[in-house]
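Chains as they are written, first to last, in the numbering used here: chain A, 116 to 428; chain B, 116 to 428.
A virtual CB, placed ideally from N, CA and C, is assigned to each residue, including glycine.
This report concerns only the one structure given below.
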């Protein structure tokens, strides 16, 4: 199995290390900050314990054994067929990192970026290796959430997309293949559309932010966690999705007409939401709650796996 | 415990019968069609078996024993403190049914409508009992999905809203309380916003409908099934929701600017989606797949209950 290099060892890079190492790949982790790299070693070990507890990994030690830590970029990428870049989400940082990578990568090395918002065309245009660069955007943490959005720059080779799609499938992720660049890719465009509507409902005084969370969590979000929005409506009318659009299209058009004005994501709006959320969860408990969320995500991943087997996919 | 009357015995009314009867209420079911009423008795029994198999009900026989079937509206509502109306989704049908109910209901009887798209103001204005009428919209089936959207007409008494909120909480549902009428209430406005964006992504050739389903199902939908969209972003930036909006607000505004044009839910669009879905699921397997979905929803409800206890809520 090919060697994988990970550039950037924050939370995202750490989770990628687990994804590739548990699938049997040798993984070399690099970070510009030695402290971050040291921290990564500690965090990865504790994450592997959680994953083992939730029966998502059998043999944490052999996974750990496949992860090494490099103090130079060139050592990390030496002999690597694939590089997953997860450096901070700032354009100038990406540009610097890719300029360095361009000098040291092999002729058939492919580079995927974990960026959630910057298209590959913004930081790869001038590179010799630009045809082998693309976005491979995960949902955190990729060690628990399988979606990976693959998005090419205009100059990305189809063969590079093919390779990363096949690699991600092989290591147990769920890749989708965007045809072209679009702000927010697919997942954040969908999330953004739902958040915009949610914010309008709160701003218009229809309901509270907490009630929006209940509406999704105890309602439609239950379906979306194992069938997507299209299969959901396909099963919500006796005659399937066309029948559903016949029945509810007019209602949705009425909803659209009543919500066309663009939303201002203003600081004032942020302050109001912050105030409501902090009443439910004090700032000093955010990280503890995030750890709870990751444990729930692991339990859900285990449940989905068992349900796929017992009830069917 | 107060007696509950259910007007309309289709799939929604049947699920409501289980919700109230399993909580210990005497339930009287009525339908204008005797055949539908007979069918309901059969379906409810088989649904109770499923719920028992998934450990969501202990004693199906005692639940069955609390459900009776009335051949006249007046018999069903006699002595009922609450009526849940689940007749077909057509304005003229609702108006007729409520005119009948207005003649026979007691002075303190409250009526909630299961309508997913018609505001209570459209069919209760001229009624003597209009102050005690409101929408109590479930997500199907309410016996498995707890959300109930309570929406008042302009003339609905706050005490009627209070009563239904308390009743729904008591029987184990998750009610939210809308402050005013709005097309699609909350859940379908959120679903509609996400679907509109999903349809644009497919129409613009960014990805397929199947890839949209994967993006939600194997991505962000995992979070939304146990924390809502606002808690999700509150936990997605170290500093909480205001910090998140600082970081990603500009991206979401860019997304909004690129998707302001209203979407045409055209028959042509419906046909294209229908074609893609039918490739994945032939029309003659829709009902079988819907039963699979309901079993997965039951398994998920059981998982969520267990996870709430083991890992915390």
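- In the DSSP assignment, residue 390 (chain B) falls within the unbroken alpha helix (DSSP H) covering 382-395.
- Between residue 218 (chain A) and residue 156 (chain A), the alpha-carbon positions lie close to 27 Å from each other.
- Proximity of chain A to residue 405 (chain B) at the Cβ level (cut-off 8 Å) is accounted for by 350, in chain order.
- In the DSSP assignment, residue 248 (chain A) forms a beta bridge with A:226.
- In this structure, residue 305 (chain A) lies away from residue 254 (chain B), with their beta-carbon atoms at least 9 Å apart.
- At a cut-off of 9 Å between beta carbons, residue 137 (chain A) makes no contact with chain B.
- A Cβ-Cβ separation of about 11 Å leaves residue 283 (chain B) out of contact with residue 249 (chain B) under the 8 Å criterion.
- Taking the Cα positions, residue 236 (chain B) is about 8 Å away from residue 296 (chain B).
- In the same chain as residue 209 (chain B), and ignoring 5 residues on each side of it, the C-beta atoms closer than 8 Å to its own belong to 200, 202, 228, 230, 233, 237 and 238, in chain order.
- Per the DSSP secondary-structure output, residue 292 (chain A) pairs in a beta bridge with A:265.
- Secondary structure note for residue 316 (chain B): its alpha helix (DSSP H) is the uninterrupted segment 302-318.
- One Cα belongs to residue 402 (chain B), the other to residue 386 (chain B), and the distance between them is close to 20 Å.
- A straight line joining the alpha-carbon of residue 188 (chain B) with that of residue 196 (chain B) spans about 14 Å.
- Against chain B, the beta carbon of residue 304 (chain A) has neighbours under 8 Å at 312, 316, 370 and 374, listed in chain order.
- Between the beta-carbon of residue 178 (chain A) and that of residue 120 (chain A) there is about 17 Å, and that puts the pair past the 8 Å contact cut.
- Looking at the backbone, the Cα of residue 318 (chain B) and that of residue 129 (chain A) are separated by about 36 Å.
- Assigned with DSSP and collapsed to three states, residue 122 (chain A) falls in strand.
- About 5 Å separates the beta carbon of residue 151 (chain A) from that of residue 124 (chain A), a gap short enough to meet the 8 Å contact definition.
- Excluding sequence positions up to five before and after residue 138 (chain A), its CB lies within less than 8 Å of the CB of 116, 285, 286 and 287, all in the same chain and listed in chain order.
- At a Cβ-Cβ threshold of 9 Å, residue 414 (chain A) and residue 169 (chain A) count as neighbours.
- Proximity of chain A to residue 328 (chain B) at the Cβ level (cut-off 8 Å) is accounted for by 342, 343, 344, 345 and 346, in chain order.
- Counted as a single uninterrupted DSSP element, the alpha helix (DSSP H) harbouring residue 325 (chain B) occupies residues 324-330.
- Across the set A:213, A:373, A:134 and A:344, the C-alpha of A:134 shows the shortest separation from the C-alpha of residue 162 (chain A).
- In this structure, residue 407 (chain B) keeps its C-beta atom at 9 Å or more from the C-beta atom of residue 360 (chain A).
- Pairwise C-beta distances place the region 337-348 of chain A out of contact with the region 350-360 of chain B, as fewer than three of them are shorter than 8 Å.
- Counting only Cβ-Cβ distances below 8 Å, residue 244 (chain A) has no contacts in chain B at all, with the closest Cβ about 25 Å away.
- When Cβ-Cβ separations below 9 Å define contact, residue 251 (chain A) makes no contact with chain B.
- Residue 142 (chain B) is positioned such that its CB atom lies no closer than 9 Å to that of residue 172 (chain B).
- Between residue 412 (chain A) and residue 259 (chain A) a beta carbon distance of about 5 Å is seen, short of the 8 Å cut, so the two are scored as contacting.
- Residue range 206-219 is occupied by the alpha helix (DSSP H) that includes residue 212 (chain A), with no beta strand (DSSP E) assigned at that position.
- Think of a sphere of 7 Å around the beta carbon of residue 265 (chain A): no beta carbon from chain B falls inside it, the nearest being about 10 Å out.
- Neighbourhood of residue 322 (chain A) in chain B, by CB distance below 8 Å: 291, 292, 293, 294 and 301, in chain order.
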